[in-house]
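So the sequence shown is numbered by numbering that gives the first Met the number 0: it starts at 0 and just counts up by one.
Glycine residues also receive a C-beta, built at the ideal position from the N, C-alpha and C atoms.
Computed from a predicted model, the values in this text were never measured in an experiment.
Here the structure comes first, spelled out in structure tokens, and everything after it is commentary.
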Amino acid sequence: MNDSIGRLINYLRISVTDRCNYRCVYCMPPDGINAVGHSEIMRFEEILKVVRVAADYGVSKIRLTGGEPLVRHGIVDLVRMIRKVPGINEITLTTNGYLLAKYARELKEAGLTRVNISLDTLDPDLFRKITRNGDINSIWEGIEAVEKNGLHPLKINMVMLAGINDHEIPDFMDLTLENEWHVRFIELMPIKNQISWGELFPDPASCYISTRKVLERFQNKGLKPVYQVDQIGPAKLYQIPGAKGYVGFISPVDDEHFCGSCNRLRLTADGNLRPCLMSDLEIPVLDAIRSEKDIHELFARVVKLKPAHHELLLNHSPENRTMTQIGG
Ligand code: SAM
Ligand code: SF4
């Protein structure tokens with residue numbers, strides 16, 4: 000289905016939980032968030048109803064996210080159920096990697112297409128500090144399991160944080176030399192994180208660094224733009240000459256054309272359809288589903304409500320939910 004400015008909407012990102020075993024400094028306050036009660040979280044059958052309606056309107060790609068999707072009990076069953084929905088031909092997962100070694104094989108067997116792992120540093124101590132208790136070994140074990148089970152291509156997402164991990168960007172780029180991975184650098188977004196969340200995250204403005212600055216600073220890596228006939232996904236791709244993998248930049252803040260190719264909607268864990276990550280606009284669907292109402296019309300309304308562009312440059316940023324509550 001096309002939205003009001005003609006963008007084809009074929010991708011739904013589903014937050015399966017707002018809970019997480021980490022407390023990444025830019026994503027959540029140190030004490031976490033008040034997680035939604037179990038009765039308010041969408042049950043699998045309810046999520047499937049939304050997926051079926053989305054597929055009726057031409058959605059073919061689903062991403063499971065959160066919170067940490069792998070802490071949701073039964074996640075492998077959900078993948079298996081979504082896989083069976085006619086029209087859905089791709090299911091991916093964004094994870095902090097902690098439980099990936101445990102679930103990779105079952106996820107592959109259930110029909111998962113591939114995985115994005117979030118990794119903001121290669122330094123074990125800094126990893127513990129950024130995640131506020133994580134163990135980087137789980138990442139390497141998770142990556143091994145992903146490789147072994149053919150969940151290709153692996154995408155690694157690093158949120159660029161000025162003065163915290165930006166000195167590691169060249170090392171992350173070098174991961175692509177010998178690995179067929181996509182290593183993607185993401186600009187920090189101001190999503191209900193405007194106040195200080197501790198020493199490592201005083202506020203998003205002082206931690207933000209633009210793609211443009213990073214590309215200038217690391218010109219010596221010799222990155223060559225990769226020509227993409229149809230840009231699939233939000234990343235602009237580059238390659239270090241001779242590398243096996245790709246370097247990607249996701250620039251929602253700095254790139255004024257970023258929203259022009261947006262093809263996605265989001266479903267929050269408590270059952271709200273969200274047309275844009277950066278806008279507080281939401282349409283609740285859970286009550287309608289629980290009262291056995293048809294939600295086709297609600298879904299179509301969300302597509303039509305999708306804003307043409309975010310308004311970050313006008314200092315309008317989302318305020319009603321943190322990233323972990325929306326599903327990044
Ligand atoms: N827990 C999973 C994970 O960390 O991959 C999935 C949910 S997490 C919210 C999804 C992605 O959003 C992660 O890659 C995380 O780094 C990113 N993220 C969280 N807050 C962000 C922010 N303010 N700006 C940019 N990316 C953010
Ligand atoms: Fe959890 Fe992912 Fe947010 Fe980190 S980025 S706190 S792992 S939801």
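| Asked | Found |
| --- | --- |
| Collapsed DSSP secondary structure at K292 in the structure displayed | coil |
| Chain-order list of residues whose beta-carbon lies under 7 Å from that of V158 (same chain, five-residue window excluded) | Y25, D119, I185 and L187 |
| Cutoff 7 Å; reference E318; Cβ partners in own chain excluding five residues on either side | K191 and D279 |
| Near the ligand SAM: G327 beta-carbon under 6 Å from a heavy atom | yes |
| Coil, strand or helix - N20 by DSSP | coil |
| heavy atom of the ligand SF4 below 6 Å from V66 C-beta | In the sequence on display, residue 66 carries Gly and not Val. It does: the Cβ of G66 is within 6 Å (strictly closer) of some heavy atom of the ligand SF4. |
| N88 burial status per 10 Å Cβ neighbour count (16 or more: buried) | exposed |
| Cβ contact (3+ pairs, closer than 8 Å) linking the region 15-33 and the region 92-107 | yes |
| Short Cβ contact (7 Å threshold) for V75 with V114 | no |
| 6 Å CB neighbourhood of L77 in its chain, flanking five on each side removed | F43 |
| Distance, K292 Cα to R131 Cα | 42 Å |
| Selection from L214, E255 and N219 that minimises the alpha carbon distance to L236 | L214 |
| Strand pairing of V284, partner residues [DSSP] | Beta-bridge pairing links V284 to no other residue. |
| I208 versus T175 - alpha carbon distance | 22 Å |
| Neighbour-count burial assignment, I90, 16 or more Cβ in a 10 Å radius | buried |
| Contact under 7 Å by Cβ, V58 with L11 | yes |
| Alpha carbon of S117 to alpha carbon of D134, nearest angstrom | 13 Å |
| Cutoff 7 Å: L304 Cβ touching any chain D Cβ | The structure shown contains no chain D; it holds only a single protein chain. |
| Around the ligand SF4, Cβ to any heavy atom closer than 5 Å, ordered along the chain | C19, Y21, C23, C26, M27, N95 and T323 |
| heavy atom of the ligand SAM below 6 Å from L160 C-beta | no |
| I155 versus A299: straight-line alpha-carbon distance, rounded | 33 Å |
| Between the CA atoms of D124 and G5 - distance to the nearest angstrom | 46 Å |
| Segment limits, alpha helix (DSSP H) that includes N271 | Element bounds for N271: not the alpha helix (DSSP H) but the beta strand (DSSP E), N271 to R273. |
| Separation of L266 from V301, as counted between CA atoms | 11 Å |
| Whole-number beta carbon distance between A307 and L297, since they are thought to touch under 8 Å | Rounded, the Cβ-Cβ distance is 21 Å, inconsistent with contact. |
| Cβ-heavy atom distance, I190 to the ligand SAM, below 6 Å | yes |
| CB contact flag (T323, D17, <7 Å) | yes |
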